[in-house]
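Working notes, structure below.
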Amino acid sequence: MTHPLPASIDAAAALLAEQGYVSDRALATVVFLALRLGRPLFLEGEAGTGKTEIAKALAAALGRRLIRLQCYEGLDAASAVADWNFAAQMIAIRAAEASGAADRDSLRTELFTEDYLIERPLLQAMRPQPGGAPVLLIDELDRTDEPFEAFLLEALSDFQVTIPELGTIRAPEPPIVILTSNRTREVHDALKRRCLYHWVDYPDFPREARILAARAPEAQEALSREIVAFVQRLRREDLFKRPGVAETIDWAKCLLALDVIELSPELIADTLGALLKYQDDIQKIQGSEARRLLDEARRDLAPA
């Protein structure tokens, strides 16, 4: 079921909250403006801060289809827009030859039609969708290279793509576009200028506690507060990769599966693989370091 676009910043925040996404005022504002103005939204920040989840929450809240283009090194326009089903085309050619109806010109016309077209995410997003324009998530744009950025700049400027054999296909209604970047490299300014921009940072303690309460409501409040305080302390350490919100939620669910009531250094050491994804980081937080961080986290929670 399709839902109307939010009419205010508070309505945008409530829309995300309905899907378990706890936003701050600045994020709710830029989401509202992107929807109201029909502008792409460029979200940048560390991995694990919830950028992708914003697109998922918006699609679910608005009742729109979510179309995801996962970026990677070497991604080109053909892989992002459309490809031809060469296997099916070859079968059609063999069938035409066997029946003696292999007129070259007519066969060429028949082969390059939408019947043999494999639609990729960008073309899918330009098509009419039940319930209104889809949410197009262009995820981890920083993994691609500059030629693809240039192509994307044109596609998002006019919300159209060109397939040489078929011509230009334009979106009857522009999709809701969310682009994300982990900032492993700088994205070109020309593309950023087409978008509204927001830096998605790690949440502060109150917001992360609300996120955990929404995503792991079965956890007791005292345990949730200990978990969040420990992760907040852990992010201050010199780590190769600091844990994101997704890791906080995963760790909480692991602890719940173990029927944990409160944290201990031994338990932390046994479950660090849910929080940290590099062995050097795990080794650094073992033993006395885990105890120190836990003590500091509990001091943070102590009444003033």
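Using the UniProt record's numbering, read the sequence shown as starting at 1 and increasing by one per residue.
Heads up, the beta-carbon is just placed ideally off N, CA and C, and yes, glycines get one too.
Judged by DSSP in its simplified three-state form, Thr29 adopts helix. Gln89 sits in a helix when the DSSP states are folded into three classes. Beta-bridge annotation (DSSP): Glu44 is paired with Ser181, Trp199. Arg215 and Leu27 have their alpha carbons spaced roughly 19 Å apart.
Using a 10 angstroms sphere on the CB of Gly244, the tally of other CB atoms reaches 16 or more, which defines it as buried. Between Asp204 and Thr109, the alpha-carbon positions lie close to 59 Å from each other.
The beta carbon of Leu294 lies closer than 7 Å to those of Phe230, Leu263, Pro265, Ile268 in the same chain, with the five residues before and after it left out. With fewer than 16 other beta carbons inside 10 angstroms of its own, His188 counts as exposed. Glu226 is classed as buried because its beta carbon has at least 16 other beta carbons within 10 Å across all chains shown. Inter-residue distance for Thr2 and Ser99 is about 49 Å (C-alpha atoms, whole angstroms). The residue among His198, Ala274, Pro206 with its C-alpha nearest the C-alpha of Ile54 is His198.
Annotation: the continuous beta strand (DSSP E) that includes Leu69 extends over 66-70. Given a length threshold of 4 residues, each whole run of the alpha helix (DSSP H) inside the stretch 104-163 is given here in chain order: 104-111, 121-126, 146-158. Asp83: member of the beta strand (DSSP E) spanning 82-84, first to last residue.
In the three-state scheme derived from DSSP, where H, G and I count as helix and E and B as strand, Ile9 is classed as helix. Taking C-beta atoms as the reference points, Leu276 and Lys241 count as a pair closer than 9 Å. Residue Glu46 holds the alpha-carbon nearest to the alpha-carbon of Thr184 among Glu247, Glu46, Ala11.
Pro206 is classed as exposed because its beta carbon has fewer than 16 other beta carbons within 10 Å across all chains shown.
The beta carbons of Thr52 and Asp139 sit closer together than 9 Å. The Cβ neighbour count for Thr113, taken over all protein chains shown within 10 Å, is under 16; the residue is labelled exposed. Under the three-state reduction of DSSP, Thr52 is assigned to helix. With a cut-off of 8 Å on Cβ pairs, the stretch 69-80 is not in contact with the stretch 11-28, counting fewer than three such pairs. Sorting Ala290, Lys284, Cys254 by C-alpha distance to the C-alpha of Ala274 places Cys254 at the top.
It is roughly 20 Å from the alpha-carbon of Glu44 to the alpha-carbon of Phe151.
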